[in-house]
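Residue numbers (our numbering), protein chains in the order written: chain A, 1 to 277; chain B, 278 to 554; chain C, 555 to 871.
Idealized CB from N, CA, C, for every residue including glycine.
Here's the structure, in structure tokens; my notes come after.
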Amino acid sequence: MATAAGFDFRRWRLVLLGGLLVGIVLFAAIFAPWVAPYSPFDLDVAKMLQGPSAAHWLGTDELGRDVLSRAIYAARISMQVALLAVTVGLVGGTLIGMTAAYFGGLVEQALMRAMDLLFSFPAILLAVVLMASLGTSVLNAMIAIGIVFIPGFSRLARASTQAVLRQQYIEAARSIGMSDIRIIFREILPNITAPLMVEAAVAFAYAVLLESALSFLGLGAQPPDPSWGNMLSTGRGFMAQAPWLSIVPGMAMFICVLGFNLLGDGLRDVTDPHMRE
Amino acid sequence: MDIRSRALQDGRPTLSIRDLTVDFPKRDGAFRAVDGVSLDVWPGEIVGVIGESGSGKTMTALSTLRMLPKRAVVSGSIELGQRRILDLSPADMRKLRGDRLSFIPQDAMRALNPTMRIGRQVGEPLVLHRNLSFKAAVSRAVDLLRAVHVREPERRVEDYPHGFSGGMQQRAMIAMGLALEPELIIADEPTTALDVTVQAQVLKLLKEIRDREATSILFITHDLGVVAELCDWVYVMYRGKIVEQGSVERIFMDPRDDYTKMLLASTPTLFPREAAI
Amino acid sequence: MIRLVLTRLAGFVLTLFAASVVLFVTINVLPGSAAKSALGIHATAQAIQRFEAQHGLDRPLLVQYAEWLGRILQGDFGTSFQNGVAVGPELLKRLPVTLELATFAFIIANLIAIPLGAWAARRHQKGADRSITFLATILGAIPNFWLATLLVLVFTLTLRWLPPGGFTPFTVNPMMNLKQMIMPALSLGVVSSALLIRIMRASMLEVLSTDYVRTAEAKGASSRTIVFRHSMRNAFIPYLNVAAVEFGFLFGSVVVIEDIFLLPGVGSFVLVGIINRDYPVLLAGALAITLFVLTLNLVVDLIASLLDPRQVKARNA
Numbered sequence: 001m002a003t004a005a006g007f008d009f010r011r012w013r014l015v016l017l018g019g020l021l022v023g024i025v026l027f028a029a030i031f032a033p034w035v036a037p038y039s040p041f042d043l044d045v046a047k048m049l050q051g052p053s054a055a056h057w058l059g060t061d062e063l064g065r066d067v068l069s070r071a072i073y074a075a076r077i078s079m080q081v082a083l084l085a086v087t088v089g090l091v092g093g094t095l096i097g098m099t100a101a102y103f104g105g106l107v108e109q110a111l112m113r114a115m116d117l118l119f120s121f122p123a124i125l126l127a128v129v130l131m132a133s134l135g136t137s138v139l140n141a142m143i144a145i146g147i148v149f150i151p152g153f154s155r156l157a158r159a160s161t162q163a164v165l166r167q168q169y170i171e172a173a174r175s176i177g178m179s180d181i182r183i184i185f186r187e188i189l190p191n192i193t194a195p196l197m198v199e200a201a202v203a204f205a206y207a208v209l210l211e212s213a214l215s216f217l218g219l220g221a222q223p224p225d226p227s228w229g230n231m232l233s234t235g236r237g238f239m240a241q242a243p244w245l246s247i248v249p250g251m252a253m254f255i256c257v258l259g260f261n262l263l264g265d266g267l268r269d270v271t272d273p274h275m276r277e
Numbered sequence: 278m279d280i281r282s283r284a285l286q287d288g289r290p291t292l293s294i295r296d297l298t299v300d301f302p303k304r305d306g307a308f309r310a311v312d313g314v315s316l317d318v319w320p321g322e323i324v325g326v327i328g329e330s331g332s333g334k335t336m337t338a339l340s341t342l343r344m345l346p347k348r349a350v351v352s353g354s355i356e357l358g359q360r361r362i363l364d365l366s367p368a369d370m371r372k373l374r375g376d377r378l379s380f381i382p383q384d385a386m387r388a389l390n391p392t393m394r395i396g397r398q399v400g401e402p403l404v405l406h407r408n409l410s411f412k413a414a415v416s417r418a419v420d421l422l423r424a425v426h427v428r429e430p431e432r433r434v435e436d437y438p439h440g441f442s443g444g445m446q447q448r449a450m451i452a453m454g455l456a457l458e459p460e461l462i463i464a465d466e467p468t469t470a471l472d473v474t475v476q477a478q479v480l481k482l483l484k485e486i487r488d489r490e491a492t493s494i495l496f497i498t499h500d501l502g503v504v505a506e507l508c509d510w511v512y513v514m515y516r517g518k519i520v521e522q523g524s525v526e527r528i529f530m531d532p533r534d535d536y537t538k539m540l541l542a543s544t545p546t547l548f549p550r551e552a553a554i
Numbered sequence: 555m556i557r558l559v560l561t562r563l564a565g566f567v568l569t570l571f572a573a574s575v576v577l578f579v580t581i582n583v584l585p586g587s588a589a590k591s592a593l594g595i596h597a598t599a600q601a602i603q604r605f606e607a608q609h610g611l612d613r614p615l616l617v618q619y620a621e622w623l624g625r626i627l628q629g630d631f632g633t634s635f636q637n638g639v640a641v642g643p644e645l646l647k648r649l650p651v652t653l654e655l656a657t658f659a660f661i662i663a664n665l666i667a668i669p670l671g672a673w674a675a676r677r678h679q680k681g682a683d684r685s686i687t688f689l690a691t692i693l694g695a696i697p698n699f700w701l702a703t704l705l706v707l708v709f710t711l712t713l714r715w716l717p718p719g720g721f722t723p724f725t726v727n728p729m730m731n732l733k734q735m736i737m738p739a740l741s742l743g744v745v746s747s748a749l750l751i752r753i754m755r756a757s758m759l760e761v762l763s764t765d766y767v768r769t770a771e772a773k774g775a776s777s778r779t780i781v782f783r784h785s786m787r788n789a790f791i792p793y794l795n796v797a798a799v800e801f802g803f804l805f806g807s808v809v810v811i812e813d814i815f816l817l818p819g820v821g822s823f824v825l826v827g828i829i830n831r832d833y834p835v836l837l838a839g840a841l842a843i844t845l846f847v848l849t850l851n852l853v854v855d856l857i858a859s860l861l862d863p864r865q866v867k868a869r870n871a
């Protein structure tokens, strides 16, 4: 029911909730140096493996570092990786998908077959193999995950572009002599952004998961850089004495992924021609 | 003497609807799909309800079956023989459906389960209401299909719906509706989707059924030609109300309501005599 | 029918072939590191050169691929750079472990998703539907390796019911095998079920709104009859397609889960291959997983075609 102010809270509730969670994570990521109580690298071996306390809200890890601060800085890494990875996937996938749909024929066949091939690899496997090839570092994780996302985005871009191509304004543009490139960027691109944005939100969630998985396996952020994945990995070694080390990073991942998923679901509900249930 | 006059001497109508009102709640207020409709169907009578889309004719039919969308608000009374339809429990209503009261929808192809053989679907009422095994029901289905003039019914019962032509599919639906010799058949535009020749066959079949079994038929349609061909009594509906009723001959030769006149005027001439304008 | 099977089979082989090219090229594109890994960082340039010549790593990629392919087709998967052990037999030993894990996880996921999804659809927009949808959202956000960790925390450390890892074949000691597999399978299965719940619900909702379900209702069928006799089979067809994709994802996730629970499967094999830069191992493992996934897609594709009689007719026509 639209309020007097004109804002329909019910319709946007998933977006708002997701946005809130994502906002918290982004805030932590962006303002980490100001928000985190300690530096993530500050060792104090005397204080190691302490449980949550007033001084350390989430306890300390095996080298006496503040877990809360590390989790906050880890958010930074996750967000950076996710941002770059989704950008790579989005841009690459959209270009490929639009080109395939626009030019059709052999070009489309070749491109989409290639995408299908990439798509047949399970995501983690592909990411892991790419990391083997590129070498383990955060930057390479961004690239690897980005590449993993390209086929998905390309499929969506292609389908959306095909839908747009069926519209008459494309014919109109062609008939007045607009060049292909201009048509693609002026007419097609703006009209396929909505579904792509929805997909991007969901991709963010998946990027966080993949990055965490990679760091968990030791293939992403390298110690002492904190990443939720490598925090969880080292934390497992101390499960008996310091269970919070295993709980905190996972919880952070969960909140982040949940936020992006809700955001994606919410955006999908809002942008779809949605009949009142 | 027509059916009505005879019946008035004998007993009660098969179906008796009084002051039926169907409302659909909306954001502000409600939409009245059926507005104080009263109609009767006598034993062995074929009653036509004619109107455009949105006239409320289908809603009236669905009310009789108690198959309206959940949010509909119904008031008035519907009696099938001695039973007060609107007061029945869902379980009791289910006992009536398919047994004493059956439904033939418009689009037979979509109304048949694509992954279930015809024999099982046609025979299912016997399984549901007479506790037959499916095997027995399928052999009865052979007879039912034969009764609706489907050739080689023994072979046809093993077919899936997509193996039947449009006309045959509709016949299968009719067979399904006849399985337990109901008191009333409600047919919702069953011939609209069919070719003219096939339509003629189906109409002939319906008349034959009425003649053979004295089943009453409530026939919903927007096609005056069909009404002329098939029905004994006609109700004309417009915007949820009944604007005129009478025997087929009277309606065609002496329409009184403006809307009825308009309907007649917009149809190619059916009788050698001109319709009154 | 036969024609369909053959066409799909041909596609399968072609894709497998293409996938092997992609894997091979990706892994072997960067020179030098394999030698360094095997010989240590302090290896001399000469030692590296010798190693590479020995393993044929200094020749053009295409030649390397052709040779590798030739050997693969004869069943020779090469030897590990690290310890010289033949890769083939080791891989074979590990296949059943991964298969058991993935299958077990998949079964769990379906056992959760199918009833919950169907139930949610029947109670569309009522309490049960909302709770189930909420549950699916929550479950889908849990990282499976975190769930694994939590399960170990609860069931191994606290309750001491289950072992933390390791693998005993089912044939040797079924009870132990199940105890070792249940947590890994749950970690994978529970998270996978999230998507499947949604798909089943959506598929079921779609079916429940069809005309033929309305016909069943008009015949006086009860809600239960409608669900089980008329809806399930039709709802399964689209469901299976997605479930197959999800099963494929499971095979990817085994890499992480096998590591956590010390399961000697293909996933941990791949991991070992990466960490040690042991290319033959990595390649063989990655190829095996890809083979699993592609085979799976093939099988499900064929089954789905069988379930849908319309497709049978279309092909026989």
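B:V326 sits in a strand when the DSSP states are folded into three classes. C:D612 is outside the set of residues whose beta carbon lies under 8 Å from a beta carbon in chain A. CA-CA distance, C:A789 to C:G802, rounds to 21 Å. Collapsing the DSSP output to three states places B:F441 in coil.
Scanning its chain for C-beta atoms nearer than 6 Å, with the 5 sequence neighbours on each side dropped, one finds around A:I96 the residues L111, S154, in chain order. C:I828 and A:L219 do touch by the CB rule: their CB atoms are close to 7 Å apart, below 8 Å. Between the region 623 to 634 of chain C and the region 700 to 712 of chain C there are fewer than three inter-stretch CB-CB distances shorter than 8 Å, so the stretches are not counted as touching.
Taking 8 Å as the cut-off, the Cβ atoms of B:D534 and B:I497 do not count as close. Proximity of C:S685 to chain B, defined by a Cβ-Cβ separation below 8 Å, is not satisfied.
Here B:T492 is buried. Its C-beta has 16 or more other C-beta atoms within 10 Å. Note: B:S543 is not bridge-paired with any residue in the DSSP secondary-structure output.
In the structure shown, B:G313 adopts extended strand secondary structure according to DSSP, grouped into three states.
Exposure of A:Q222 is indicated by the presence of fewer than 16 other C-beta atoms within 10 angstroms of its C-beta. Straight-line spacing of the CA atoms in A:F260 and A:P249 works out to 17 Å. If the five residues before and after B:R348 are omitted, its C-beta is found closer than 8 Å to the C-beta atoms of F301, P302, all from its own chain and listed in chain order.
Chain-order list of chain C residues neighbouring A:L68: empty, with the shortest C-beta distance near 18 Å, by a criterion of under 9 Å. Around C:V559, the same chain offers L856 as residues with beta carbons nearer than 7 Å, after the five sequence neighbours per side are excluded. In terms of CA proximity to A:V129, C:S574 leads the group C:S574, C:L611, C:V854. Here B:L482 really is in contact with B:R448; their C-beta atoms are around 7 Å apart, less than 8 Å.
Judged by their CB atoms, B:Q398 and B:N390 are nearer to each other than the 8 Å cut-off. Bounds of the alpha helix (DSSP H) holding A:M142 are 138 to 165. Only those residues of the region 749 to 761 of chain C whose C-beta falls short of 7 Å from the nearest C-beta of chain B would be listed, and there are none. At the C-beta level, A:F149 and A:V86 come within 8 Å of one another. Assigned with DSSP and collapsed to three states, B:E435 falls in coil, not helix or strand. For A:M253, at least one C-beta of chain C is nearer than 8 Å to its own C-beta. In this structure, A:L58 lies near A:V67, with their beta-carbon atoms less than 8 Å apart. Neighbours of B:G375 in chain C, taken as residues at a C-beta separation under 7 Å, are given in chain order as A772, K773, G774. For the pair of segments examined, the region 260 to 271 of chain A was found to touch the region 6 to 23 of chain A: the number of CB pairs separated by less than 8 Å reaches three.
Between A:V81 and A:A207, the C-beta spacing is below 8 Å. Taking 7 Å as the Cβ-Cβ cut-off, the region 787 to 808 of chain C approaches chain A at G802, F803, F805, G806, S807, given in chain order. Counting C-beta atoms within 10 angstroms of its own C-beta, C:K773 has 16 or more neighbours from the protein chains shown and is therefore classed as buried.
Collapsing the DSSP output to three states places C:L817 in coil.
Boundaries of the alpha helix (DSSP H) around A:V128: 123 to 134. Its chain contains L49 as the residues whose beta carbon lies nearer than 7 Å to that of A:Q241, once the 5 sequence neighbours on both sides are disregarded; these appear in chain order. C:L841 is classed as buried because its beta carbon has at least 16 other beta carbons within 10 Å across all chains shown. Counting the other Cβ atoms within 10 Å of the Cβ of B:K334 gives 16 or more, which makes it buried.
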